[in-house]
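Written below as structure tokens is the structure these notes are about.
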Amino acid sequence: MRSSRIKVAVPADSERQHLLRRRSMLKSAAIPLGAGLIGGGVGFSMSELGRPEEADPRVAPEGLKRFSTSGTDRPERFQDFLDSLADGDSAVVDGSFSIRSATIRANSVRIGFGPGAKLVLEEPFEDGVVIEGDRVSLFGGSIEGPGAWNGVNTPWTHAMVHVKGESFTAQGMTLLKVPKVGFGIRGNGGGIRDCVIVGGYPERSWTGVETGHFGIVFDPSTGSSRSTAGSVHGTSIASCVQGISIANHGPGVGGSYSMVQNSFEDCHNHGVYAQSGLGNVVANNSFIGCQVPIVASGEGHVISNNSLRAKMDGTTRDLTGINVRDARNCVVANNVIKGQVSSSSVAVSLDSINETAIVGNIIHGNVISVQGEGRPVIRVGQNSTECSFNKVEGNVISGGGQAGQAVVVVTVASESTGGRFNEVTSNTIRTVTSTAGILLERQVSGTVRHNTVIADSQRPMPEQKAVIVRDSSRVLVKDNVWRTSGDGDMTEPFVEVNSAGNFLAGNMKEGPRGLEEIARSPRT
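Residue numbering for the sequence shown follows our numbering, starting at 125 and increasing by one per position.
What follows is the structure in structure tokens.
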């Protein structure tokens with residue numbers, strides 16, 4: 125038996141009064157525009173504008189201004205509409221239309237783009253939307269470029285969204301076909317959240333030298349000493365030459381930036397590239413098919429809990445790695461790295477570019493699996509004038525290495541100064557090439573302890589060692605284990621020391637009778 129439904133007619137006046145009361149409640153509750161974003165819409169229900177048959181396209185909830193090309197507004201009047209906004213205004217933009225350029229000059233303006241709203245840029249190499257006011261916020265909608273790209277490594281002068289004011293925010297926006305820069309932010313602060321950026325940079329246009337195409341750029345404006353406190357959260361960036369760039373072309377130092385829970389795919393050069401910086405955080409991000417996904421320079425950075433995975437499709441984007449240049453007091457921890465290393469890439473490197481000191485850093489708890497050879501998997505101190513108080517601990521490494529050196533290398537450029545108090549402890553290293561597990565070079569008072577080095581062969585070759593201590597003194601090599609992946613006899617000494625004044629004790633190797641402690645040596 126079919127159930128019957130009782131329909132109760134609601135007078136139009138009652139419905140209108142109900143909507144008015146609801147609008148009043150929303151206003152009194154101070155619900156901000158953009159709260160509860162769904163599908164890129166604005167922070168109020170479109171049903172509150174009235175029933176479809178009676179809705180006026182120019183009517184918005186109380187206190188909002190509106191621009192709609194589905195009504196009487198014309199695209200060529202869009203700039204006039206933006207100029208009509210006063211400080212503190214909130215506005216809604218509907219429809220899909222082309223613009224050459226548009227400028228927002230008022231401060232504390234909040235603009236929400238309705239569902240399906242799109243701005244199409246007419247000129248690829250001019251500014252799209254320019255933000256001159258401070259504390260401007262954009263919500264939802266999309267901006268699409270005309271399909272032309274420029275990746276030449278020159279300072280950027282235009283962007284799809286060019287931010288010159290302070291404390292800009294964008295949420296739920298989509299940028300498509302980025303000509304050169306998606307979000308270009310010159311002011312301090314700035315936050316990009318839950319956005320999608322598809323650069324569309326053509327594969328055929330990438331020759332290996334182009335570095336000047338970006339999804340997001342944070343650069344200090346001319347005369348600023350520092351660009352600070354920006355953030356990118358929950359954003360997807362794909363097919364750009366570089367995903368996020370910090371302080372690359374500006375005169376200042378980029379500090380206190382946070383890049384958390386973002387995804388990067390098919391970035392031809394880098395996912396995140398920070399030319400200079402102080403105290404930046406790169407955490408909980410996913411990088412897929414990006415060449416050397418993370419590059420940073422400076423002091424106090426935290427790079428943790430990221431997933432770096434190459435597609436292994438034979439392109440240069442297979443080259444993986446985290447590169448922290450001129451590092452001081454930085455942490456690289458708990459990252460998962462899989463990809464290719466070569467003569468030009470290292471999975472985790474803390475090297476000096478400007479002949480400075482590499483001091484007080486920690487590389488901890490990373491899981492690294494790489495193919496190829498020609499460079500170490502972890503390297504600390506190359507070209508540095510000082511390399512001291514660094515720790516490489518608790519990492520699990522498979523593959524890589526460099527003939528004549530090792531999978532894990534701690535070194536220093538200056539023979540006269542030497543590195544001091546560096547520690548390589550509790551790592552598991554599987555070597556698959558004719559290389560050593562750990563190399564300490566030109567070190568004083570270093571420690572190599574509790575590491576397990578596994579030779580991926582039945583019988584290691586003479587050049588394969590667990591530990592090499594070269595041109596060093598007062599280095600403690602203790603309680604390390606040297607194994608093979610098979611049952612072969614390990615006749616070669618697994619610790620090689622070429623200088624006096626070091627100490628070896630408690631080290632074990634896997635021989636025909638199982639584990640054997642090598643002869644305890646006096647100070648060598």
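Note that CB positions come from ideal geometry on N, CA and C, so glycine has one too.
Nearest-angstrom Cα separation, counted from residue j out to residue i
{"i": "residue 435", "j": "residue 311", "result": "36 Å"}
{"i": "residue 600", "j": "residue 547", "result": "9 Å"}
{"i": "residue 389", "j": "residue 630", "result": "46 Å"}
{"i": "residue 495", "j": "residue 309", "result": "38 Å"}
{"i": "residue 456", "j": "residue 411", "result": "16 Å"}
{"i": "residue 641", "j": "residue 553", "result": "19 Å"}
{"i": "residue 480", "j": "residue 344", "result": "24 Å"}
{"i": "residue 608", "j": "residue 266", "result": "57 Å"}
{"i": "residue 246", "j": "residue 468", "result": "40 Å"}
{"i": "residue 534", "j": "residue 508", "result": "11 Å"}
{"i": "residue 367", "j": "residue 395", "result": "5 Å"}
{"i": "residue 243", "j": "residue 226", "result": "10 Å"}
{"i": "residue 370", "j": "residue 621", "result": "43 Å"}
{"i": "residue 539", "j": "residue 446", "result": "27 Å"}
Close Cβ partners of residue i (< 7 Å) along its chain, the five nearest in sequence each way excluded
{"i": "residue 188", "result": "214, 215 and 216"}
{"i": "residue 530", "result": "500, 559, 560, 561, 562, 563 and 592"}
{"i": "residue 201", "result": "none"}
{"i": "residue 326", "result": "273"}
Local conformation of residue i per DSSP, three classes
{"i": "residue 200", "result": "helix"}
{"i": "residue 209", "result": "coil"}
{"i": "residue 440", "result": "helix"}
{"i": "residue 329", "result": "helix"}
{"i": "residue 465", "result": "coil"}
{"i": "residue 511", "result": "strand"}
{"i": "residue 222", "result": "strand"}
{"i": "residue 434", "result": "coil"}
{"i": "residue 529", "result": "coil"}
{"i": "residue 372", "result": "coil"}
{"i": "residue 566", "result": "coil"}
{"i": "residue 536", "result": "coil"}
{"i": "residue 606", "result": "strand"}
{"i": "residue 589", "result": "coil"}
{"i": "residue 249", "result": "coil"}
{"i": "residue 314", "result": "coil"}
Cutoff 8 Å; reference residue i; Cβ partners in own chain excluding five residues on either side
{"i": "residue 441", "result": "390, 391, 392, 413, 414, 415, 434 and 435"}
{"i": "residue 313", "result": "290, 291, 292, 352, 353 and 354"}
{"i": "residue 272", "result": "248, 249 and 303"}
{"i": "residue 231", "result": "211, 212, 257, 258, 259, 260 and 289"}
{"i": "residue 364", "result": "302, 306, 321, 323, 325, 337, 338, 339, 391 and 392"}
{"i": "residue 280", "result": "304, 305, 308, 336, 338, 341, 343 and 373"}
Residue i classed as buried or exposed, judged by whether at least 16 other C-beta atoms fall within 10 angstroms
{"i": "residue 198", "result": "exposed"}
{"i": "residue 565", "result": "buried"}
{"i": "residue 444", "result": "buried"}
{"i": "residue 328", "result": "exposed"}
{"i": "residue 478", "result": "exposed"}
{"i": "residue 379", "result": "buried"}
{"i": "residue 638", "result": "exposed"}
{"i": "residue 261", "result": "buried"}
{"i": "residue 224", "result": "exposed"}
{"i": "residue 473", "result": "buried"}
{"i": "residue 471", "result": "buried"}
{"i": "residue 212", "result": "exposed"}
{"i": "residue 332", "result": "exposed"}
{"i": "residue 527", "result": "exposed"}
{"i": "residue 276", "result": "exposed"}
Per DSSP, the bridge partner or partners of residue i
{"i": "residue 307", "result": "285 and 340"}
{"i": "residue 651", "result": "In this structure the chain extends from 125 to 648, so residue 651 is not present and cannot be described."}
{"i": "residue 517", "result": "488 and 549"}
{"i": "residue 298", "result": "266 and 320"}
{"i": "residue 387", "result": "360 and 410"}
{"i": "residue 452", "result": "423 and 483"}
{"i": "residue 447", "result": "419 and 473"}
{"i": "residue 397", "result": "369 and 419"}
{"i": "residue 232", "result": "Residue 232 pairs with nothing; no bridge assigned."}
Cβ shell of residue i (< 6 Å), same chain only, five flanking positions each side left out
{"i": "residue 514", "result": "485, 504 and 546"}
{"i": "residue 606", "result": "577, 590, 618 and 633"}
{"i": "residue 321", "result": "299, 306, 339 and 361"}
{"i": "residue 429", "result": "407, 408 and 458"}
{"i": "residue 422", "result": "400, 401 and 402"}
{"i": "residue 519", "result": "490 and 551"}
{"i": "residue 387", "result": "360 and 410"}
{"i": "residue 483", "result": "452, 512 and 513"}
{"i": "residue 425", "result": "404 and 454"}
{"i": "residue 462", "result": "433 and 493"}
{"i": "residue 203", "result": "226"}
{"i": "residue 544", "result": "512, 568 and 569"}
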